[in-house]
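Residue numbers (this note's numbering): 36 to 479.
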């Protein structure tokens with residue numbers, strides 16, 4: 036857990052084993068305590084960035100006093116104000132503050148693990164999917180689901196991009212469904228935290244309640260599942276597409292044309308995880324190393340188109356239902372034309388459908404494998420003629436001076452008692468017992 040003083044200096048605090056239940060009623064979020072005689076050691080993380088030079092360990096020898104029980108009582112610390120957040124424009128997430136707009140009941144991923152999806156949005160009005168796994172559903176998901184009509188605000192720390200449905204950690208780079216954020220082992224979620232930034236989001240939600248209700252309806256399918264739709268329609272010129280962050284979903288209005296009439300209009304993919312096998316041409320049963328089991332190769336309609344507006348043109352990939360609607364052929368029919376009849380598919384009707392029309396497109400810029408790779412490929416998530424009233428179909432711590440007991444300082448443990456050196460393998464660290472009289476606000 037993270038402790039914080041009145042100047043909002045933070046320190047990571049660790050409680051082990053049976054001590055957790057001993058202190059669980061004392062360390063409540065945003066409650067002020069006076070902590071004395073904790074163990075302090077230098078933060079020595081091989082991975083990650085510690086919040087402070089020192090780490091505290093609290094055990095049965097540590098004195099933890101709620102400020103209201105001290106004689107004379109002390110005034111609790113004010114609500115925190117300092118937050119380091121990542122905007123939704125950037126998918127290298129760490130901590131986010133967001134409104135929960137919609138959610139679905141828990142279900143099971145293809146690997147058999149429980150998941151629950153929510154749609155969240157930051158102050159930039161850019162929604163994204165947030166997936167909770169396993170225990171997070173019981174601890175946080177069920178609470179959020181019951182509060183959906185109140186549009187709760189969450190502060191989610193240490194969250195990341197999702198893995199593939201198989202849980203292998205290898206997301207199909209062509210997939211259009213694995214987008215957004217997901218809980219990790221170290222994730223913490225606070226519901227309606229007392230930050231001024233969170234209060235501002237709640238105020239905005241109250242002022243725009245009718246708009247949020249309309250979005251909730253629009254982002255819910257007839258079966259109750261979530262649909263990812265833009266909160267506000269913002270048209271991006273094609274010339275500005277490369278400025279979009281990888282993973283970002285955006286809208287354009289453009290003409291659409293077949294990029295290459297002789298291209299193959301389908302690929303084969305795993306029937307379970309949808310991993311693509313672009314060099315395979317015949318369907319069969321095979322062992323998928325992503326799913327770790329035998330599955331089927333099935334055809335999936337997918338091809339490239341050229342999209343053009345007044346600012347320029349670019350190439351994008353369209354697949355599944357939207358691609359089939361352009362060709363007026365199903366994936367199965369395409370497979371039979373190529374592999375059974377050994378012919379090329381008729382595309383005259385497709386050209387007629389596209390010629391001279393402007394389309395509203397929802398697109399996504401894919402992540403690249405490394406920083407030196409070519410710019411991320413573009414995929415089309417929704418595809419409707421401009422002016423069509425039909426709704427879009429989205430892819431579904433130191434010793435502290437007596438006079439400063441409210442501060443956590445970044446200084447060395449100069450007045451430690453009985454320093455000890457403990458060796459663990461080839462790693463050495465110092466453990467000090469220090470008295471620290473510091474009221475802190477703990478956040479977990």
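Built from N, CA and C at the ideal position, the CB exists for glycine as well. Remember, it's a predicted structure, so these values are computed and weren't measured experimentally.
Item                                                                                                                                                                     : Value
Could you tell me which residues DSSP puts in a beta bridge with residue 57?                                                                                             : Its beta-bridge partners do not exist; DSSP assigns none.
Grouping DSSP H, G and I as helix and E and B as strand, with all else coil, what is residue 329?                                                                        : strand
May I ask you to verify whether the segment 43-53 touches the segment 90-108, counting CB pairs closer than 8 Å and requiring at least 3?                                : yes
Go ahead and label residue 73 buried or exposed: buried means 16 or more other beta carbons lie within 10 angstroms of its beta carbon, across all protein chains shown. : buried
Inspect the CB distances between the segment 262-281 and the segment 357-371 and report whether three or more fall short of 8 Å.                                         : no
Given this structure, state the Cα-to-Cα distance separating residue 160 from residue 376, to the nearest angstrom.                                                      : 50 Å
Given this structure, state the Cα-to-Cα distance separating residue 193 from residue 168, to the nearest angstrom.                                                      : 14 Å
Can you check the segment 336-423 for any alpha helix (DSSP H) of at least 4 residues that lies completely inside it and give the ranges in chain order?                 : 355-362, 366-374, 383-389
Using the Cα positions of residue 256 and residue 262, report the straight-line distance between them to the nearest angstrom.                                           : 6 Å
Return the bridge partner residues of residue 164 from the DSSP annotation.                                                                                              : 154
Specify, as a first and last residue, the run of the alpha helix (DSSP H) that residue 234 falls within.                                                                 : 231-242
Please list, in chain order, all residues of the same chain as residue 227 whose beta carbon is under 6 Å from its beta carbon, the five residues on each side excluded. : 187, 188
Need the endpoints of the beta strand (DSSP E) that residue 68 sits in, please.                                                                                          : 67-71
Excluding five sequence neighbours on each side, which residues of the same chain lie with their C-beta closer than 6 Å to the C-beta of residue 183?                    : 138
Please state if the CB of residue 286 and the CB of residue 302 are separated by a distance shorter than 8 Å.                                                            : no
Over the uninterrupted beta strand (DSSP E) stretch that includes residue 52, give me the two end residues.                                                              : Per DSSP, residue 52 belongs to no beta strand (DSSP E) and is neither H nor E.
Do the segment 273-280 and the segment 334-341 meet, that is, are 3 or more Cβ pairs less than 8 Å apart?                                                                : no
Given a threshold of 16 other Cβ atoms within 10 Å of its Cβ, counted over all protein chains shown, does residue 235 qualify as buried or as exposed?                   : exposed
Select from 156, 240, 153, 143 the residue whose C-alpha is nearest the C-alpha of residue 185.                                                                          : 240
How would you call residue 354, buried or exposed, if buried means at least 16 neighbouring beta carbons within 10 angstroms?                                            : buried
Can you give me the start and stop residues for the alpha helix (DSSP H) that residue 179 sits inside?                                                                   : 177-181
Are the beta-carbon atoms belonging to residue 399 and residue 416 less than 8 Å from one another?                                                                       : yes
From residue 289 to residue 379, what does the alpha carbon distance come to, in whole angstroms?                                                                        : 27 Å
Output needed for residue 397: all residues of its chain with C-beta closer than 6 Å, excluding positions within five of it in sequence on either side, in chain order.  : 286, 416, 417
In the DSSP assignment, the beta strand (DSSP E) including residue 318 goes from what residue to what residue?                                                           : Where residue 318 is concerned, there is no enclosing beta strand (DSSP E), given that its DSSP letter is neither H nor E.
Classify residue 250 as helix, strand or coil using the three-state DSSP reduction.                                                                                      : helix
Do residue 157 and residue 166 have their C-beta atoms within less than 8 Å of each other?                                                                               : no
Are three or more beta carbon pairs between the segment 306-321 and the segment 341-361 nearer than 8 Å?                                                                 : no
The beta strand (DSSP E) that contains residue 90, what's its start and end?                                                                                             : 89-92
I need the DSSP call for residue 47, collapsed to helix, strand or coil.                                                                                                 : strand
With DSSP as the reference, please indicate the residues paired to residue 304 in a beta bridge.                                                                         : 311, 333
Quick check on residue 55: buried or exposed, where buried means 16 or more other Cβ atoms within 10 Å of its Cβ?                                                        : exposed
At the level of alpha carbons, what is the spacing between residue 387 and residue 294?                                                                                  : 15 Å
Classify residue 40: buried if its beta carbon has 16 or more other beta carbons within 10 angstroms, exposed otherwise.                                                 : buried
For residue 42, count the other beta carbons within 10 Å of its own beta carbon; 16 or more makes it buried, fewer makes it exposed. Which is it?                        : exposed
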